[in-house]
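**Student:** For the sequence shown, full-length UniProt numbering begins at 1 and goes up steadily by one.
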Amino acid sequence: MNAYHPDMADNPSVPYDMHNVRDGEVDAGINVEAEQALLGAIMLNNDVLDHVSFIEPQHFSEQIHQQIFACIRGKLAQGLRADPITMLSDLRTMQVGEINGVAYVARLAGAASTVANARDYAIEVVSGFVVRNGLSLARDMWKMFAEKGYDTSILSIISDLEERVAELRALAPQAPADTDVDSALDRLLRNIGEEPQVKQRAIPFPLPEIGTVLQEPGFQVGNLYGLLGASGEGKTSLVLQVVRSALDAGHPVLLMSYDQTDEQVLRQMISQATGISVSQMIQRRINDHEFQMVADEGLRIKKLAPFHVRSLSDHKIGAIVSLTKRWAKTLKKMARPDGSHWGAPLIILDHNRKVRAEDPRADAGSKAAIVNGAGKALARDLEAVVLFLNQRNGKGMERYVPRPIAEDLFGGEQAKEDYDSILYIYRPERWRDEQLSVARDAAEAGKITQRFMLRKNWEDTPRDPAGMAEIGAIKTRYGAGGVKEFVKFEGRYTRYVSERPTTPELF
C-alpha cells in the first residue's frame, strides 16, 4: 500500500511503504490513499465530519491515521477548529517513517483538493475495516474447525461463526439502492392511494395521542423508533401496550429484554387487559372468577400473531442482529389460520444502553451510533418496525424542569441521527414527589408543586399531574415538533389510558 513519501509536498504520488506484510499474507482491506484523502478532506472542511459520522478511529488501518482522526474529533468536540495549526501540540510526538506527525498532517491537508468524495472515501475505509475483520474471522474459524476437540460440538462452532458474521454484517456500510424518480413516484402514489397498502405498511398505535405527537397514522415499516423515559416512569408499560396493539392487528412481535422474562411480560400484559394487578397474581390473591379471567386472557394472547420474548444478558449488537434475523426467517414458514401472511414484524430492544459495546473504551455517542445504525438497518432489511427503548441518563435532575430532551438519550444529542422518530414519556408527579420529599420548608414545597403542574404551554391553565403522564416527541420525521399530549396512568394495572372519548362501534 502507498502512503505519502517525505517528498510528497513536491510529488504527492511518490509511494512510501507503511506496511510490514507477513510472508504469504494478502495485504487486503487496506486503502491508505482513501484514509489519507478522507483525513485531508476533513481538515480542509471540518463540516465533512457531520456527513461521515459513522467513522471511528479503529476503522483506519494505520495507527497514525487512527491517532490523527481521534485528534480531529477531540478538537471539534471542544468547539475548536481541527487543522494542522490547532493540532500542532498533539502531533509533535507522532512519527511516520522519517517525518514527524506535524509535517505529515500538513501535507495531508495540503494535498486535499476536494471534499465532494469524502463520503465515498469513508465508506471505503469502513469497508476495509470489515474486510480485515473478515479475514481474521476466517483464520479463527479455520483454526477452530481444524483443531476441534472431542469436547467441542460442531453446533457451538457454527453458532459462534453466525454471531461473528452478524457482527460484521452490522458493521458493513450500506450502499443506497439504485432507483429512479419514476419508480419512486409510482411507489409514493400507490402507498397514498391504496388504503389496504397503507394499513399493511403501518402498525397501529395503542393510544391516539401517540399519533398526534408523531404525526403519523401508525408505526411505519422500515423505520427505527426510540422511546425515552426514566427508570420507573413506565416505559415498559407503554411498550407492552404497543406489543398488544401490534398482536391484535396481526403483526408478529419479537421483544428482546435485559430486564424481564417471558413470564413477567405476560403477567403484566394480562394485568393491563383484565384489571387484575400483578401484585394480586404474584401473591395469589385472586378468586375463581379472576383466575378464569387470567386464563382466558392468556389463551387470547396465544391465538394472536406470533410473539416471542427473548432474554438478553451480555449480548453485542451483532449477536442481537443474528438472533433477530433467525426469528424473522421462522416467520416466513408461518401463516395466519386463513393461509394469508402475517403483517410486518415489530422488533423491540429493551434497552439499547445495555448492549455490550464492541469497544468498551469508546464514548457513549460512538457506542450508540453502532447500535442505532444496526437497528435502522434491521428495519430496512427485514421490512419491519424497530423500537429501541432508551433509559434516561441522570442529566435531567440538573434541569429546573426535568422533561426529557435529546441530551438525555443514550449517546446524547448526536444519537438522534439514525432514528426516524423519538417518543418520550414523562410523569411529572413522580419527579415532583421526589423533590417534595427533600423540600426545606412549605414555601419551597409550594414552588416545587407549581413547577410540576401539567401544561402544554405557559398560557395553559395548569393541571394537577396526579395519575397523569405527558407524551411528546424529541424527533419526528415529518411535521412540526413540540407537540405534547396528556394520558392517564393507572399505576395499579401499569397501563396508560387515553383521555379522548372512544367512538362507539356500530352494529
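Every residue, glycine too, gets a C-beta built ideally from N, C-alpha and C.
Going along the chain, which unbroken runs of the alpha helix (DSSP H) with 4 or more residues stay wholly within the segment 429-490?
**Tutor:** 442-451
**Student:** Anyone know if the C-beta pair for E358 and K416 falls short of 8 Å?
**Tutor:** no
**Student:** Can you tell me where the beta strand (DSSP E) with I422 in it begins and where it stops?
**Tutor:** 421-426
**Student:** Are three or more beta carbon pairs between the segment 48-60 and the segment 112-130 nearer than 8 Å?
**Tutor:** yes
**Student:** Across which residues does DSSP place Q95 in a beta bridge pair?
**Tutor:** N100
**Student:** Do V294 and D262 have their C-beta atoms closer together than 8 Å?
**Tutor:** no
**Student:** Should G491 be labelled buried (16 or more other beta-carbon atoms within 10 Å of its own) or exposed?
**Tutor:** exposed
**Student:** Just to confirm my understanding: we take P345, look at its own chain, exclude 5 residues before and 5 after, and list those with CB closer than 6 Å. What are they?
**Tutor:** P252, A384
**Student:** Round the Cβ separation of V487 and Y478 to the nearest angstrom and send it over; I've been treating them as touching at under 8 Å.
**Tutor:** Not really, about 22 Å apart at Cβ, beyond 8 Å.
**Student:** Do R403 and L228 have their C-beta atoms closer together than 8 Å?
**Tutor:** no
**Student:** Hey, out of D90, E459, N352, whose CA is closest to Q67's CA?
**Tutor:** Ranking the options by Cα distance to Q67, first place goes to D90.
**Student:** Which value, in whole angstroms, describes the spacing of the CA atoms of G24 and I158?
**Tutor:** No answer about G24 holds up, because its pLDDT of 40 lies below 50 and its placement is not dependable.
**Student:** Between the alpha carbons of G412 and P462, how many angstroms are there, rounded?
**Tutor:** 30 Å
**Student:** In terms of residues, what are the limits of the beta strand (DSSP E) holding M256?
**Tutor:** 253-257
**Student:** Could you tell me which residues DSSP puts in a beta bridge with A202?
**Tutor:** Q220
**Student:** Can you give me the C-alpha to C-alpha distance between L76 and D160, rounded to a whole angstrom?
**Tutor:** 39 Å
**Student:** Checking the sheet assignment: what are the DSSP bridge partners for H308?
**Tutor:** L254
**Student:** Measuring CB to CB, does I210 end up less than 8 Å from L423?
**Tutor:** yes
**Student:** I'd like to confirm the pairing. Which residues does DSSP put opposite G229 in its beta bridges?
**Tutor:** Q391
**Student:** Excluding the 5 residues preceding and the 5 following G134 in the sequence, name in chain order all residues of the same chain whose CB lies nearer than 7 Å to its CB.
**Tutor:** L168
**Student:** Between I72 and M94, is the Cβ-Cβ spacing less than 8 Å?
**Tutor:** no
**Student:** Using CA coordinates, which residue listed in A364, G29, I85, F54 is at the minimum distance from M43?
**Tutor:** I85
**Student:** Tell me the DSSP bridge mates of R81?
**Tutor:** According to DSSP, R81 bridges with nothing at all.
**Student:** So which of E233, R361, G343, S437 has the shortest CA-CA distance to L389?
**Tutor:** E233
**Student:** Quick check on this structure: which residue in E470, G482, V483 has the alpha carbon closest to the alpha carbon of E499?
**Tutor:** E470
**Student:** Once you ignore the five residues that flank V401 on each side, which residues in its own chain have a CB closer than 6 Å to its CB?
**Tutor:** none
**Student:** Alpha carbon to alpha carbon, how far is R361 from K367?
**Tutor:** 9 Å
**Student:** DSSP state of R285, grouped into three classes?
**Tutor:** coil
**Student:** Quick check on DSSP: helix, strand or coil for T350?
**Tutor:** Inspection of the sequence shows that residue 350 is occupied by Asp rather than by Thr. In the structure shown, D350 sits in a strand (DSSP, three-state: E or B).
**Student:** Determine the DSSP secondary structure at V386, reduced to helix, strand or coil.
**Tutor:** strand
**Student:** I need the straight-line Cα distance from N100 to D83, nearest angstrom please.
**Tutor:** 16 Å
**Student:** Can you give me the C-alpha to C-alpha distance between P204 and V221, rounded to a whole angstrom?
**Tutor:** Distance from the CA atom of P204 to the CA atom of V221, rounded to whole angstroms, is 11 Å.
**Student:** Strictly by DSSP, which residues pair up with Y496?
**Tutor:** According to DSSP, which records beta bridges pairwise, Y496 is partnered with F489.
**Student:** Rounding to the nearest angstrom, what Cα-Cα distance links H341 and D120 in this structure?
**Tutor:** 39 Å
**Student:** Can you list, in chain order, the residues of its chain with a C-beta nearer than 8 Å to that of T324? Leave out the 5 residues immediately preceding and following it.
**Tutor:** Taking T324 as the centre and dropping the five residues before and after it, the same chain places the C-beta of L254, M256, I347, L378, L382 closer than 8 Å to its C-beta, in chain order.
**Student:** Using 8 Å as the threshold, is the C-beta distance between V48 and A109 below it?
**Tutor:** no
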